[in-house]
Structures are given as structure tokens and as C-alpha cells.
Amino acid sequence: MLLAKAVQPPAPPSHLLHAILSVVEELPSRLLVGVSGGLDSCVLLDALVLSGKRPIVLHFDHGWRPESGEDAAFVGRLAASYGLPYRQEKAPSAARDSEAAARRERYDFFARASRSLGCCDLALAHHADDQVETLLLQLLRGGGTHARGMREFELRNGLRLHRPLLWIERKEMREYAKARNLSWREDRSNQDCRYLRNRVRHELIPFLEERFSRHARRALLRFCRVRIDEEEWMTGLVRQRAEEEGLSVVELRNAPVAEQRRWIHLWLRRRGVPDVSLADVESVRWLASEPRGGKQLSLGGGWKAIRSDGAISLRRKEEGEPCVSINS
Ligand SMILES: Nc1ncnc2c1ncn2[C@@H]1O[C@H](COP(=O)(O)OP(=O)(O)OP(=O)(O)O)[C@@H](O)[C@H]1O
Numbered sequence: 006m007l008l009a010k011a012v013q014p015p016a017p018p019s020h021l022l023h024a025i026l027s028v029v030e031e032l033p034s035r036l037l038v039g040v041s042g043g044l045d046s047c048v049l050l051d052a053l054v055l056s057g058k059r060p061i062v063l064h065f066d067h068g069w070r071p072e073s074g075e076d077a078a079f080v081g082r083l084a085a086s087y088g089l090p091y092r093q094e095k096a097p098s099a100a101r102d103s104e105a106a107a108r109r110e111r112y113d114f115f116a117r118a119s120r121s122l123g124c125c126d127l128a129l130a131h132h133a134d135d136q137v138e139t140l141l142l143q144l145l146r147g148g149g150t151h152a153r154g155m156r157e158f159e160l161r162n163g164l165r166l167h168r169p170l171l172w173i174e175r176k177e178m179r180e181y182a183k184a185r186n187l188s189w190r191e192d193r194s195n196q197d198c199r200y201l202r203n204r205v206r207h208e209l210i211p212f213l214e215e216r217f218s219r220h221a222r223r224a225l226l227r228f229c230r231v232r233i234d235e236e237e238w239m240t241g242l243v244r245q246r247a248e249e250e251g252l253s254v255v256e257l258r259n260a261p262v263a264e265q266r267r268w269i270h271l272w273l274r275r276r277g278v279p280d281v282s283l284a285d286v287e288s289v290r291w292l293a294s295e296p297r298g299g300k301q302l303s304l305g306g307g308w309k310a311i312r313s314d315g316a317i318s319l320r321r322k323e324e325g326e327p328c329v330s331i332n333s
């Protein structure tokens, strides 16, 4: 396997090099980078080194494909070819319940590595095409209040996540990799249309582009930018109230509906409800609209919302505890 060349020309077209380096240069100098061995993270790693950074390379071997071990070895050699420190871990079992479970394991590894290496800044190689896919997945999964793709910067699991390539398109990443003579590993599971994300990538987006607008992807990307800005503004309005333990029914009712949704969404997230859906948010709004207390509703992730006379509180459901949901 050919490894990426040392940091020297050939150079990609100057506009692309400028676009990539200008965002990568903004990152902190002490940095971790998650490298799967695929095209995206190999481009990110190369651009980081090209901009003068010396990140610590992290790889998590999920162990779910026969080639996983080779991917890990490839990333190890890649880090060595740049003279960079490398930290790798293998998943304890190859069992793969779901993509979400695999992602959780990977982020747990990132958090462990961050603690032991004393560095909280982690760069990931999500790009514009991932962004559009994420938006469509969020919409399809019913995440109405927060469907807006990913943010360039986010705090998660005690990590400061950076996505410097978020507005760079996949075809530009390929162009960069080709011009820089990079090697990478192809993940064949990316073609497997049993996974929803792959169907969005290979079927839904091409369908939208062919049948509706060849600019569909760009239009969706612009929508993400607008939504991210709006969300930041809305979140600012409700941030403080979302910290409170209970939701005041009177205050909630007096807020405009858009503000109610944003407030409830953030309040649920702050209390640890995972993957808050629009259905969860609407359940809490329904409880607030009830004239009297004494009602409760099931939410996702094993939680329930309880309405007393003046406030709504949240509690985990006990094993086997019956509780209606708004849809039942
Ligand atoms: N096995 C891995 N080891 C290290 N870093 C990884 C690994 N897999 C992915 N990454 C990093 O995470 C980025 C996103 O990867 P991918 O799009 O596969 O994530 P995902 O499963 O959709 O989850 P999420 O988007 O929440 O990170 C990659 O570009 C890379 O920087």
C-alpha cells in the first residue's frame, strides 16, 4: 500500500488549497485528529500537516469488517509517514448492534484519549456532502426542531469538536487528494444500501438532483447555514431558562410557539434525554396546554414528563412502568 507522500508539492488548484488551508489554519495548534483511513480524514490530516500543525492521530478499530485491522495498520503507517504521534484502540467485541452504538463507542474512545493525552480539541473530517446527508436524515427521523445538519464547532463528551471541512464538497476533497497524490482506504460498507445514510447518499440525493434541481445539494447546504445561524439566535433566547430544573407552565404558555419548541428541546437535552425528537417536544407542549396537573407522558430514551399544577418535571421511567405517549 502506497502511503501519502511527505509534505511537498504537487499542489491542488490554488483556490481549493486556499479554501482548505484557511479553515484548517484557524484550529488550535495542540490538536487530536480522528482518522478512519478513508478519503476525508486522509485529506484533513494532510491539510493539517501542510498548514504546519502536528496533531495526534486517533484511530478506533471497530472490528466489524474483515479489513478493519488493515485500516488500523494503514492509519498507523500514515501517521508514521508524517512523523506524528498515533493512538489506536480496538472495540472490545465485533458485535455491531447499530451505527449509533458504534459511534458511541468511538466517541468514548476519543474522550478517553483526550483525557489521557491532556488535549480536548478534536478535528473531524465531516464535509459538505455529509452535512446535506445529515440534514436529510434528521428530517426523515423526525428531529424537526433541530434539523440543521452539524455545526463547525461543538462541545460533546468533554471534547471540543472541530469540523473544518464542513463546507468543502466531496468532489473537492477528491480533487485535493488526487493533486496531492494521497492514498486512502475504501470502506465498502459505504456502498451498502441497507444503511439509511447510504440510501440517502446513493439514491435520495441523486434522485433530487436528477428529477428536481441539479442544484438541490447546494440549496440544502445553504439551508443548513441559515438554520444553524437561526438556531444559535433562538438558543441564546432560551439558554438560561433551559437550565432550570422544572418548566414553568405559565411562562411556557406565554412564549411564542417557536420559542416554546426551542426551549423545551434544549431543556430536554440538558437533562440527558437522548436524540430529542419533535414528538417529544410536542408531548411536553401538550402537557403544558392541559388546564390541570396530574398527567404524564412517555418520551424517547426511557424518560417521562410529569405535569404538576404549575410546572413540568422529568424523570426516568422505572422498569416496566406503564405510561402513555401522546401518540397512543
Ligand atoms: N474509526 C475511526 N477512527 C477515528 N476517527 C474516525 C473513525 N471513523 C470516523 N472517524 C472520524 O469521524 C469523521 C466522521 O466519520 P463518519 O462520517 O463515518 O461518522 P458517522 O458514523 O457518520 O458519525 P458522526 O458523524 O456522528 O461522527 C471522520 O471524517 C473521521 O474524522
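This note's numbering numbers the first residue of the sequence shown as 6 and each following residue consecutively. Where is the CB? At the ideal position from N, CA and C, for every residue including glycine.
Task: Start-to-end residues for the beta strand (DSSP E) that takes in leucine 164 - done: Taken as a continuous stretch (DSSP letters only), the beta strand (DSSP E) holding leucine 164 covers 164 to 167.
Task: Inter-residue Cα distance where the pair is histidine 270 and valine 40 - done: Straight-line spacing of the CA atoms in histidine 270 and valine 40 works out to 32 Å.
Task: Validate contact between the region 85 to 104 and the region 157 to 176 using beta carbons, cut 8 Å, 3 pairs - done: Because the criterion of three Cβ pairs below 8 Å is not met, the region 85 to 104 and the region 157 to 176 do not touch.
Task: Nonlocal neighbours in the same chain, by C-beta distance under 7 Å from glycine 251, ignoring five residues either side - done: Here the set comprises Ala316, Ile317 and Ser318.
TODO: Would you check whether ligand 1 has a heavy atom nearer than 7 Å to the C-beta of alanine 78?
DONE: No, ligand 1 has no heavy atom inside 7 Å of this Cβ.
- [ ] Work out the CA separation of tryptophan 268 and arginine 153 for me, nearest whole Å.
- [x] If you draw a straight line from the Cα of arginine 153 to the Cα of tryptophan 268, it is about 17 Å long.
- [ ] Would you identify the three-state DSSP class for aspartate 45, choosing helix, strand or coil?
- [x] The answer is helix: DSSP assigns aspartate 45 an H, G or I state.
Open item on the list: In whole angstroms, give me the CA-to-CA distance for asparagine 195 and leucine 50.
Closed with: Rounded to whole angstroms, asparagine 195 to leucine 50 spans 21 Å at the Cα level.
Task: Cβ separation of asparagine 186 and proline 15, assumed to be a contact under 8 Å, to the nearest whole Å - done: About 6 Å separates the Cβ atoms of asparagine 186 and proline 15, confirming a contact at the 8 Å cut-off.
Task: proline 97 to arginine 219 span [Cα, whole Å] - done: Straight across, the Cα-Cα distance linking proline 97 with arginine 219 is about 44 Å.
Open item on the list: Please identify the residue among Val262, Lys176, Glu249 and His207 whose C-alpha is closest to the C-alpha of leucine 273.
Closed with: That would be Glu249, whose Cα lies nearest to the Cα of leucine 273.
- [ ] Give the secondary structure of leucine 152 by DSSP, where H, G and I count as helix, E and B as strand, and everything else as coil.
- [x] A quick correction: the sequence has alanine, not leucine, at residue 152. In the structure shown, alanine 152 sits in coil (DSSP, three-state: anything other than H, G, I, E or B).
Open item on the list: By the three-class DSSP mapping on this structure, what secondary structure does arginine 161 have?
Closed with: Correct three-state label for arginine 161: strand.
Task: serine 121, enclosing alpha helix (DSSP H) - first and last residue - done: Per DSSP, serine 121 belongs to the alpha helix (DSSP H) from 104 to 122.
Task: Residue range of the unbroken beta strand (DSSP E) whose run includes leucine 242 - done: No beta strand (DSSP E) holds leucine 242; the alpha helix (DSSP H) holding it covers 221 to 247.
Open item on the list: Please tell me whether, using a cut-off of 7 Å, the distance from the CB of aspartate 280 to the nearest non-hydrogen atom of ligand 1 is below it.
Closed with: Not so, every heavy atom of ligand 1 lies at least 7 Å from the Cβ.
Task: Enclosing beta strand (DSSP E) for leucine 302 [first to last residue] - done: Judged by DSSP secondary structure, leucine 302 falls within the beta strand (DSSP E) whose first and last residues are 300 to 303.
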